[in-house]
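One structure is given below, encoded as structure tokens.
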Amino acid sequence: MAELRPIAPVFVVPGPSGVAVRDRLKHLTSADEQVLRLVGAHLGALASADLKTRCADGPGHCAQTWAARKRELTALSSARWAGAITKASHDQWALARRCQAGHIRDLEAAIRAISRQLSLPVGTKGTRTDPGGYRSAREWFAKSRRLHLLQDRLQRCKADYQAGRVRVVRGGKRLANTRHNVEAAGLTEAEWRQAWEAERWFLAADGESGKRYGNETIRITPDGQVAIRLPAPLAHLANAPHGRYVLAARVAFAHRGVEWRDRIEANRAVAYRIHLDAARGRWYITASWQIPAAPAVPMLAALAHGVVGVDTNAAHLAAWRLDAHGNPIGNPRRFPYDLSGNAGHRDAQVRHALTRLLHWARACGVQAIAIEDLDFQAEKTREKHGRRKRFRRLISGMPTSRLRARLTSMADQSGIVIIAADPAYTSKWGAQHWQKPLTTKTRTTTRHDAAAVAIGRRAQGHPIRRRTAPPPAHRSDEQGHRTVQAGPDARGREGPRPRIPGPRTRSVGAGRGANAGDQNAQHRSERSAEHVQPMLSP
9 MAELRPIAPV
19 FVVPGPSGVA
29 VRDRLKHLTS
39 ADEQVLRLVG
49 AHLGALASAD
59 LKTRCADGPG
69 HCAQTWAARK
79 RELTALSSAR
89 WAGAITKASH
99 DQWALARRCQ
109 AGHIRDLEAA
119 IRAISRQLSL
129 PVGTKGTRTD
139 PGGYRSAREW
149 FAKSRRLHLL
159 QDRLQRCKAD
169 YQAGRVRVVR
179 GGKRLANTRH
189 NVEAAGLTEA
199 EWRQAWEAER
209 WFLAADGESG
219 KRYGNETIRI
229 TPDGQVAIRL
239 PAPLAHLANA
249 PHGRYVLAAR
259 VAFAHRGVEW
269 RDRIEANRAV
279 AYRIHLDAAR
289 GRWYITASWQ
299 IPAAPAVPML
309 AALAHGVVGV
319 DTNAAHLAAW
329 RLDAHGNPIG
339 NPRRFPYDLS
349 GNAGHRDAQV
359 RHALTRLLHW
369 ARACGVQAIA
379 IEDLDFQAEK
389 TREKHGRRKR
399 FRRLISGMPT
409 SRLRARLTSM
419 ADQSGIVIIA
429 ADPAYTSKWG
439 AQHWQKPLTT
449 KTRTTTRHDA
459 AAVAIGRRAQ
469 GHPIRRRTAP
479 PPAHRSDEQG
489 HRTVQAGPDA
499 RGREGPRPRI
509 PGPRTRSVGA
519 GRGANAGDQN
529 AQHRSERSAE
539 HVQPMLSP
């Protein structure tokens, strides 16, 4: 019997800690756009210089150097613009530092995997947990060259990490590399230049509680009027008192507009960011604010009316409703989405699928949705599944993190609790125990539907395997352990029953029967063939 990996306990996914809504700046005049471009370019140049200074400081950064950077920027903009720029630079450096540490861990894992396989003879067969040797001498030689390349790359990354050097590209590395091949990207040099400059602009202001409408730098009134505090070198462009420029556009946030209006009327902090979509030629403004953490809902209260188990796949969400006892109710549902196209299209597809899922869950009357706690960081590596390119593309295309974040934020407004369950063996055991029993003449149950049932039962604390006790007279174990249900906290309850040394039946020793360790032999209503005495011929 193979060793099963430990199964992590289920938990309630915490709700979102912030809100971000966006609206388009319509009916801008040519003067408005010119002012926004000048302000964004000026502040973007300051942000680039400040980020360079922050990266040069490295880990030796302290409050004194932060204050010195802010004083230098204040003379060229304002105190609040300088605070927003320095904070953004510090956050960007910290993010690059974390990504650098993660890249080092990935390189070390890849080197360990290649070194182990290179140590094995060519053609050695692998096991369920460990891969074998490489298939041919040619592949062995190619991997040995890649090993030296990764070791050299790891040495450089560790040297940079110890020295505190990070590499950050304002505007994005992908867009910077597109400059070398604009024709393949379907752009002209002018179009690329416009997109590059727009990404490097800085038009973001942090909120401040107690100030008028929650922001002194970019202020939006309840009726939608947008006013920007101009930097000192551009103060001559102001068309309103106190060095402000009022845009001709009006803002009305359709999503969470009432909540945003109540917040600014109470002078609570709201942060704003103005950006240009160069491909469409449209200006947008994003408002964001923090929200208090919602009180945690007890697990038993969330599962009182059942749960909807959801299995995440590359092209759809498979869902099935379960009652409070873990029994599937009704028919399974499928919510498809298409992940081809650009990032905006993929994000819209995910949102539409989750919207349909939440509407169906509310119509069913349940208060909890169980999802898998998926993380493919280790599974989609090149060294672990190098030959299985199709499988790598499959798991790389699944929007696990984006889907979970979207579902959590959308469910918070619907009053539905999201429960995360360990995905271990859910597809395998769901198909083994639930696919055939749930298949009827009018309904074909797929492997994904059965996995949704397994996920829902695990979230409820029920075992995935179906154990139906036969009548006492027909039990092959003579009222043995087969009728005893393992508790939710019992270790190893998901796996096959252990092989206890010693005789368990009248005629067969431990682990010697035809069905020993066989999970399919759990619903026998008649005595097994190993207990039937053969008839003697006369």
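In this text, residue positions in the sequence shown follow the numbering used here: the first is 9, and each later residue adds one.
We treat Cβ as the ideally placed atom computed from N, Cα and C, and that holds for glycine.
(message) Can you list, in chain order, the residues of its chain with a C-beta nearer than 7 Å to that of R414? Leave out the 5 residues immediately preceding and following it.
(response) Along the sequence shown, one-based indexing puts residue 414 at 406. Hits under 7 Å: V358, R359 and L362.
(request) Note the first and the last residue of the continuous beta strand (DSSP E) segment covering Y433. (result) For the purposes of this step, residue 433 is identified with residue 425 of the sequence shown, where counting begins at 1. Taken as a continuous stretch (DSSP letters only), Y433 belongs to no beta strand (DSSP E), as it is neither H nor E.
(request) Taking I427 and A467 to be in contact with their CB atoms under 8 Å, please state how far apart those CB atoms are, rounded to whole angstroms. (result) As a working mapping, residue 427 is identified with position 419 in the sequence shown. As a working mapping, residue 467 is identified with position 459 in the sequence shown. Contact flag correct, Cβ pair sits at about 5 Å.
(request) Going by DSSP, name the residue or residues bridged to W101. (result) Here residue 101 corresponds to residue number 93 of the sequence shown, with the count starting at 1. According to DSSP, which records beta bridges pairwise, W101 is partnered with nothing at all.
(request) Give the straight-line distance between the Cα atoms of K107 and T61, rounded to the nearest whole angstrom. (result) For the purposes of this step, residue 107 is taken as the residue at position 99 of the sequence shown. For the purposes of this step, residue 61 is taken as the residue at position 53 of the sequence shown. The question names Lys, but residue 107 is Cys in the sequence shown. Rounded to the nearest angstrom, the two C-alpha atoms are 20 Å apart.
(message) Let's see if you can read the secondary structure: which residues bound the beta strand (DSSP E) around W148?
(response) By 1-based counting over the sequence shown, the position of residue 148 is 140. From DSSP, W148 is part of no beta strand (DSSP E) but of the alpha helix (DSSP H) over A145 to A171.
(request) Could you please give the first and the last residue of the uninterrupted beta strand (DSSP E) stretch that includes R258? (result) Within the sequence shown, the letter at position 250 stands for residue 258. Unbroken beta strand (DSSP E) run through R258: R252 to R258.
(message) Looking at A277: is its Cβ nearer than 8 Å to the Cβ of W297?
(response) Taking the first residue of the sequence shown as position 1, residue 277 is located at position 269. Taking the first residue of the sequence shown as position 1, residue 297 is located at position 289. Yes; because the gap between Cβ atoms is below 8 Å, this pair is in contact.
(message) Please list the terminal residues of the continuous beta strand (DSSP E) segment that includes Q468.
(response) As a first step, residue 468 is located in the sequence shown; it is residue number 460 there, counting from the start. Careful: Q468 lies outside any beta strand (DSSP E), inside the alpha helix (DSSP H) at R455 to Q468.
(request) Would you be able to state if there are at least three C-beta pairs under 8 Å between the segment 220 to 228 and the segment 274 to 288? (result) yes
(request) Could you check what DSSP says for S348 in three-state terms: helix, strand or coil? (result) Stepping through the sequence shown from its first residue, residue 348 is reached at position 340. Note: S348 maps to coil in three-state DSSP.
(request) Assuming P230 and L84 form a contact by the criterion Cβ under 8 Å, report the distance between their Cβ atoms to the nearest whole angstrom. (result) In the sequence shown, the residue the question calls residue 230 occupies position 222. In the sequence shown, the residue the question calls residue 84 occupies position 76. 32 Å between Cβ atoms; not a contact.
(message) For W442, tell me which candidate among N335, R77 and R354 has the shortest Cα-Cα distance.
(response) Here residue 442 refers to the residue found at position 434 of the sequence shown. With distances taken between Cα atoms, W442 lies closest to N335.
(message) Does C63 pass the burial test, meaning 16 or more other C-beta atoms within 10 Å, or should it be called exposed?
(response) For the purposes of this step, residue 63 is taken as residue 55 along the sequence shown, with counting starting at 1. Looking at its Cβ environment, which holds 16 or more other Cβ atoms inside 10 Å, C63 is buried.
(request) Determine, using beta-carbon pairs with one atom in the segment 145 to 162 and one in the segment 116 to 124, whether at least three such pairs fall under 8 Å. (result) yes
(request) Report the option in A439, G469 and P445 whose CA atom is closest to the CA atom of N455. (result) Along the sequence shown, read from residue 1 onward, the residue named residue 455 stands at position 447. It is Arg, not Asn, that sits at residue 455 in the sequence shown. Closest option to R455, Cα to Cα, is A439.
(message) Give me, in chain order, the residues of the same chain whose beta-carbon lies closer than 6 Å to that of G52; leave out the 5 immediate sequence neighbours on both sides.
(response) Here residue 52 refers to the residue found at position 44 when the sequence shown is read from its first residue. For G52, where only same-chain residues beyond five positions count, the Cβ hits under 6 Å are R208, W209 and F210.
(request) Identify whether V47 lies in helix, strand or coil by the three-state DSSP scheme. (result) The residue you call residue 47 lines up with position 39 of the sequence shown. Helix at V47.
(request) Reducing DSSP to helix, strand and coil, say where E216 ends up. (result) As a first step, residue 216 is located in the sequence shown; it is residue number 208 there, counting from the start. Three-state DSSP puts E216 in coil, outside helix and strand.
(message) So A92 and D214 are supposed to be a Cβ contact under 8 Å. How far apart are they, rounded?
(response) Position 84 of the sequence shown holds residue 92. Position 206 of the sequence shown holds residue 214. With a Cβ gap of about 5 Å, A92 and D214 count as contacting.
(message) Based on DSSP bridge pairs, tell me the residues matched to F19.
(response) By one-based count along the sequence shown, residue 19 stands at place 11. DSSP output for F19 lists A428 as bridge partner(s).
(request) Name the one or two DSSP bridge partners that L330 has. (result) Counting from 1 along the sequence shown, the entry for residue 330 is found at position 322. DSSP, once it has assigned bridges, lists V315 and P336 as partnering L330.
(request) Note down the Cα distance separating N189 from R201, rounded to an integer number of angstroms. (result) Position 181 of the sequence shown holds residue 189. Position 193 of the sequence shown holds residue 201. Their Cα atoms are separated by approximately 13 Å.
(message) Our contact map puts I226 next to V27 with C-beta atoms below 8 Å; I'd like the distance itself, whole angstroms only.
(response) Translated into the one-based positions of the sequence shown, residue 226 becomes position 218. Translated into the one-based positions of the sequence shown, residue 27 becomes position 19. Not really, about 17 Å apart at Cβ, beyond 8 Å.
(request) Flag this pair as touching only if the segment 241 to 260 and the segment 30 to 38 have three or more C-beta atom pairs under 8 Å; answer yes or no. (result) yes
(request) Leaving out five residues on either side along the sequence, give the residues of the same chain with a beta carbon under 6 Å from the beta carbon of R514. (result) Stepping through the sequence shown from its first residue, residue 514 is reached at position 506. With a pLDDT of 47 at R514, under the threshold of 50, the modelled position of that residue is not reliable, and the figure given next carries that caveat. Cβ within range, chain order: n/a, list empty.
(request) Whole angstroms is fine: what's the gap from R271's alpha carbon to S422's? (result) As a first step, residue 271 is located in the sequence shown; it is residue number 263 there, counting from the start. As a first step, residue 422 is located in the sequence shown; it is residue number 414 there, counting from the start. If I take the Cα positions, the gap works out to 21 Å.
(message) Buried or exposed, going by whether 16 or more other CB atoms sit within 10 Å of the CB of V266?
(response) Along the sequence shown, one-based indexing puts residue 266 at 258. The residue in question, V266, is exposed, as its Cβ has fewer than 16 Cβ neighbours within 10 Å.
(message) Taking the beta carbon of Q163 as the centre, do at least 16 other beta carbons fall within 10 Å, making it buried, or is it exposed?
(response) Against the sequence shown, residue 163 aligns to sequence position 155. By the neighbour-count rule (16 or more Cβ atoms within 10 Å), Q163 is not buried but exposed.
(request) For R182, name the three-state secondary structure that DSSP assigns. (result) Here residue 182 refers to the residue found at position 174 of the sequence shown. The answer is helix: DSSP assigns R182 an H, G or I state.
(message) Using the three-state DSSP reduction, which class does A57 fall into: helix, strand or coil?
(response) As a first step, residue 57 must be located in the sequence shown, where it is residue number 49. DSSP places A57 in helix when its eight states are reduced to three.
(request) Please name the residue or residues paired with F343 in a DSSP beta bridge. (result) For the purposes of this step, residue 343 is taken as residue 335 along the sequence shown, with counting starting at 1. According to DSSP, F343 bridges with L325.
(message) Excluding the 5 residues flanking I112 on each side, which residues of the same chain have their C-beta closer than 8 Å to its C-beta?
(response) Taking the sequence shown and counting its residues from 1, the one referred to as residue 112 is at position 104. For I112, where only same-chain residues beyond five positions count, the Cβ hits under 8 Å are L162, C165, K166 and Y169.
(request) Pull up the CB-CB distance for I293 and D31, whole angstroms please, since I reckon it's below 8 Å. (result) Numbered from 1 along the sequence shown, position 285 holds the residue referred to as residue 293. Numbered from 1 along the sequence shown, position 23 holds the residue referred to as residue 31. The pair is a contact, with the Cβ atoms about 6 Å apart (cut-off 8 Å).
(message) Taking 6 Å as the limit between beta carbons, can you name the residues of its chain near S56, skipping five residues before and five after?
(response) For the purposes of this step, residue 56 is taken as the residue at position 48 of the sequence shown. Correct list, in chain order: R178.
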